[in-house]
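Just below is one structure, and these are the notes that go with it.
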Amino acid sequence: MNMDEALRRIRCLFEIMHHNVADGRRVRIQVFAFVATEQTSRTHAFAASRGIDENTVIPPEGLLIEPIAVRALNGHTGSASEREVVLKRDLKRLTAGAVTAIPNCFHVTSRENLMGTFERGIQPGGGSGRSVTYFSSFAPWDERSWKISKGTYIRGERAVFYMKTETLMDQFEGRITDSGQPVTDLVIPFASLRGAWVQDSGMNWHRLIVPSGPEQLVRSVYRPWRYANREEVMKEARACAEEVEYEDAKAADIIDTVCAFENRTIKLGGAKEKEAHFKLLYYIVEHRAVEIAGCITCPACLKDTPAKYSICLKCKGMMTSYGRRPFVITEDERENDPGDAMDVDDQDDEPCRT
């Protein structure tokens with residue numbers, strides 16, 4: 058950064074601070090600098106290179122030697138109108154040329170925010186007080202992404218969402234910073250995201266969003282952190298079976314199986330126990346009512362997880378698909394609405410989660 062750019066940013070900072078003070082709000086700034094204190098060795102090479110010797114007077118609060126950076130601690134917490142003015146004044150609109158040069162946008166976040174993104178979309182600043190959401194022109198595993206993000210680091214396992222820059226420009230009033238980062242101050246709903254990837258514990262990237270997830274038949278999970286124990290499986294299976302009429306033969310069979318476990322008429326450790334356990338488990342996955350729309354029941358931990366995610370957000374296991382769910386179409390429905398009737402074999406072959 059040259060001196061002119063540094064002065065421009067300092068002037069912008071103090072201009073915003075002036076408006077905050079004029080409106081009666083408290084202003085705080087933070088200065089990063091080299092400071093000499095009374096404990097500083099005056100014979101050290103660092104002190105000598107800065108002109109500090111035995112005759113230098115160092116006040117009790119310290120002597121400012123060399124400033125490094127200055128920032129406002131509340132620079133993003135102004136009113137909505139002020140944020141809009143600053144956004145339009147300091148950021149450039151995305152043009153057709155910018156869309157051609159930067160066709161894709163990637164937003165990196167913590168893995169802990171995946172459920173919130175699924176329910177509420179990408180919020181400006183992610184609740185941190187910032188006024189905009191920042192994107193990168195490159196995926197996080199691309200070395201060029203590090204240069205644009207200026208070393209921004211997210212602790213722990215990360216996830217990255219992807220969308221077209223054209224969509225950001227047309228639907229979400231996207232702008233671009235001086236460093237080349239696309240930004241927006243609008244909420245981006247989950248449905249507008251084109252794809253996503255997530256890191257595992259080994260920091261390897263895996264596909265996250267599966268568009269056909271709600272149609273996949275998921276009955277097992279690869280390497281989850283925990284499994285539901287037998288008592289949890291029996292409790293959930295009984296609750297699911299009791300919600301339907303007892304005359305239902307399948308529900309009655311499930312309750313009989315639970316009673317057999319309780320009465321210990323099923324020998325533990327044998328093939329019959331394994332068969333009965335998976336019978337209860339599959340029934341839960343198919344019949345348990347989820348609390349959040351768009352979710353399914355994880356076969357490992359029996360918790361709600363988004364159907365379009367390839368992992369369970371609770372046990373962190375990878376969902377395993379056994380193919381598309383069979384759609385049963387009666388003859389009456391086929392005759393009344395032949396245009397909407399579709400056989401399973403006629404569906405598009407999309408890749409299943411693995």
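Just so you know, the sequence shown maps onto residues 58 to 411 in our numbering. Think of the CB as a built atom: it goes at the ideal place given N, C-alpha and C, for glycine as much as any other residue.
**Report entry** Any non-hydrogen atom of the ligand ATP closer than 7 Å to Leu120 Cβ
**Finding:** As for the ligand ATP, it is missing from this structure, which has no ligand bound.
Does the Cβ of Thr174 have 16 or more other Cβ atoms within 10 Å, making it buried, or fewer, making it exposed?
buried
Practice problem: Find the nearest neighbour of Trp282 within the set Glu62, Arg107, Arg381, Lys371, judged by alpha-carbon distance. | Solution: Lys371
Take the Cβ of Trp254 as the centre, count every other Cβ of all protein chains shown within 10 Å, and call the residue buried at 16 or more, exposed below. buried
Residues of its chain near Ala364, where Cβ-Cβ distance is below 7 Å and the 5 sequence neighbours each way are ignored: Closer than 7 Å at the Cβ level, and outside the excluded window around Ala364, lie Gly270, Pro271, Gly351, Cys352, Ile353.
Exercise. Should Phe1 go down as buried or exposed, given a rule of 16 or more other Cβ atoms within 10 Å for buried?
Worked result: Because residue 1 is not part of the residues shown, which for the chain are 58 to 411, the question remains open.
Assuming the contact rule is C-beta atoms closer than 8 Å, Ala427 and Ala285 should be a hit. Round their C-beta distance to whole Å, please. The requested residue 427 does not occur in the structure, where the chain is confined to residues 58 to 411.
Q) Leu338 lies in the alpha helix (DSSP H); which residues open and close that run? A) 328 to 344
Q.
Only counting the same chain, and skipping five residues up and downstream in sequence, which positions put a Cβ closer than 6 Å to that of Arg140?
A. Note that Arg140 scores 48 on pLDDT, short of 50, meaning its location in the model is unreliable; the coordinates nonetheless yield the value given after this. Closer than 6 Å at the Cβ level, and outside the excluded window around Arg140, lie Ser188.
Review point. Among Ala105, Glu62, Lys221, Cys355, which residue has its Cα nearest to the Cα of Ser378?
Key: Cys355
If we call anything under 8 Å between Cβ atoms a contact, is Ala309 one with Tyr340? No, the Cβ-Cβ distance between Ala309 and Tyr340 is not below 8 Å.
So is Asn161 buried or exposed if we call it buried at 16+ other beta carbons inside 10 Å? buried
* **Endpoints, beta strand (DSSP E) assigned at Ser167** => Looking at the DSSP string, the run of the beta strand (DSSP E) that includes Ser167 is 161 to 167.
**Item:** Pair within 8 Å by beta-carbon distance, Phe218 and His164
**Value:** yes
* Asked: Just how far apart, CA to CA, sit Cys297 and Ala248?
  -> Taking the straight line joining both Cα atoms gives about 31 Å.
Opposite Asp361 in the DSSP bridges: which residues? Thr354
Q | Spatial neighbours of Ala328 in its chain, beta-carbon cut-off 8 Å, leaving aside the 5 residues before and after | A | none
I'd like the list of long-range same chain contacts for Ala105, defined as Cβ closer than 7 Å, with 5 residues on each side in sequence excluded.
none
Practice prompt. Determine the burial state of Tyr191: buried for a count of at least 16 other Cβ atoms within 10 Å of its Cβ, exposed for fewer.
Written response: If you draw a 10 Å sphere on the C-beta of Tyr191, you find 16 or more other C-beta atoms in it, and that means buried.
task: Would you tell me roughly how many angstroms separate the C-alpha atoms of Lys221 and Arg232, rounded to the nearest one?
output: Answer to the nearest angstrom: the Cα atoms are 13 Å apart.
**Report entry** Which residues DSSP lists as bridging Val92, in chain order
**Finding:** Note: Val92 sits in a beta bridge opposite Leu121.
| said: Do Glu330 and Lys336 have their beta-carbon atoms positioned less than 8 Å apart in this structure? | reply: no
Report task. Excluding the 5 residues preceding and the 5 following Ile266 in the sequence, name in chain order all residues of the same chain whose CB lies nearer than 6 Å to its CB. Result -> Gly252, Ala253, Lys365
Q.
Just verifying my parser: in three-state terms, what is the DSSP assignment at Met260?
A. coil
Q. Between Arg68 and Arg215, what straight-line distance do the alpha-carbon atoms span, to the nearest angstrom?
A. 35 Å
Next item on the list: Use the C-beta contact count for Ala93: other C-beta atoms within 10 angstroms, 16 or more gives buried, fewer gives exposed.
Entry: buried
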